[in-house]
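Going left to right, the sequence shown walks through residues 1 to 203 as this note's numbering numbers them.
The structure appears below as structure tokens.
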Amino acid sequence: MDHIRMLVSKGKYVGMVSLDLQKAFDTVDHEILCKKLERMGIDFTEWFKSYLGGRQQVVVANEMTSEPGIVSYWVPQGSILGPLLFLCYVNDMPISVKCKPLLYADDSTLIVSGSDPQAIASLLSKELESCRKWLMDNKLSLHLGKTESILFGPKKKLNKVESFEVKCGNETIKHVKSVKYLDLQIDNDLSGKSIVNEIIKKA
Numbered sequence: 001m002d003h004i005r006m007l008v009s010k011g012k013y014v015g016m017v018s019l020d021l022q023k024a025f026d027t028v029d030h031e032i033l034c035k036k037l038e039r040m041g042i043d044f045t046e047w048f049k050s051y052l053g054g055r056q057q058v059v060v061a062n063e064m065t066s067e068p069g070i071v072s073y074w075v076p077q078g079s080i081l082g083p084l085l086f087l088c089y090v091n092d093m094p095i096s097v098k099c100k101p102l103l104y105a106d107d108s109t110l111i112v113s114g115s116d117p118q119a120i121a122s123l124l125s126k127e128l129e130s131c132r133k134w135l136m137d138n139k140l141s142l143h144l145g146k147t148e149s150i151l152f153g154p155k156k157k158l159n160k161v162e163s164f165e166v167k168c169g170n171e172t173i174k175h176v177k178s179v180k181y182l183d184l185q186i187d188n189d190l191s192g193k194s195i196v197n198e199i200i201k202k203a
């Protein structure tokens, strides 16, 4: 967020789209992941194949159990390796967009700055569509209903902005005045009011 704060301090608007990936850790393709690890020059690819492979799952419904099925999509969430492997999986996502993405495990955002909010929204829309195509190519899915857009800027300048509409295809992305990133609620004017309110609620 320091990058955003610096731009806002210079009087710039900063548009951000917070991406919501559907079941991100559960949809990582093992074959694609191992190929990416090899391209990155990681020497332990065979170990990772062994670590991820050979796992099975069954479905239990109405007291009936299915035959075991091989799990070929998944990295362990809640483990030390899980977030690291996921970051390796999405490490090349930035090449699909021209703007600045921020990647942290499955918390990913697209960021565009400038002086014209409408131009920022238009560029974010194009970048979001490019990002969605990359996700589909890598067998990941974007939950558009939970993906959010926000426009950061000085409070006085934000009051003059009539609309900020980011689209992905024909669907308009929900616009918010505060967004949760890395478990912190961030206000569009970076005032910190939402963080204070959360602390008061928990007190």
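Ideal Cβ positions, reconstructed from N, Cα and C, are used throughout, including at glycine.
Quick check: the Cα distance between V90 and C131, rounded to an integer number of angstroms? 11 Å
Proximity winner among E171, N62, K167 and K193, relative to K177 (alpha-carbon distances): K193
Let me check one thing: in DSSP terms, what residues is Y181 bridge-paired to? L184
Grouping DSSP H, G and I as helix and E and B as strand, with all else coil, what is I150? strand
State the start and end residues of the unbroken alpha helix (DSSP H) segment that holds V112. No alpha helix (DSSP H) holds V112; the beta strand (DSSP E) holding it covers D107 to G114.
Can you tell me the Cα-Cα spacing of Y13 and T65, whole angstroms? 55 Å
Are the region 86–102 and the region 120–135 touching by the rule of at least three beta carbon pairs closer than 8 Å? yes
Indicate whether S141 and Q22 have their beta-carbon atoms separated by less than 7 Å. yes
Could you spell out the range, first to last residue, of the beta strand (DSSP E) harbouring K100? K100 to Y104
Helix, strand or coil for M16? Go by DSSP, reduced to three states. strand
Report the option in H175, F86, G15 and D20 whose CA atom is closest to the CA atom of F48. F86
Mapping the DSSP letters down to three states, classify V90 as helix, strand or coil. helix
Spatial neighbours of E208 within its chain, please: CB distance less than 7 Å, with the 5 preceding and 5 following residues excluded, ordered by chain position. For residue 208 there is no data in the structure shown, the boundaries of the chain being 1 and 203.
One question on the structure: do F152 and A121 come within less than 7 Å of each other, judged by their Cβ atoms? no
Taking only three categories from DSSP, how would you classify M6? helix
Pairwise C-alpha distance: S79 and G11: 41 Å
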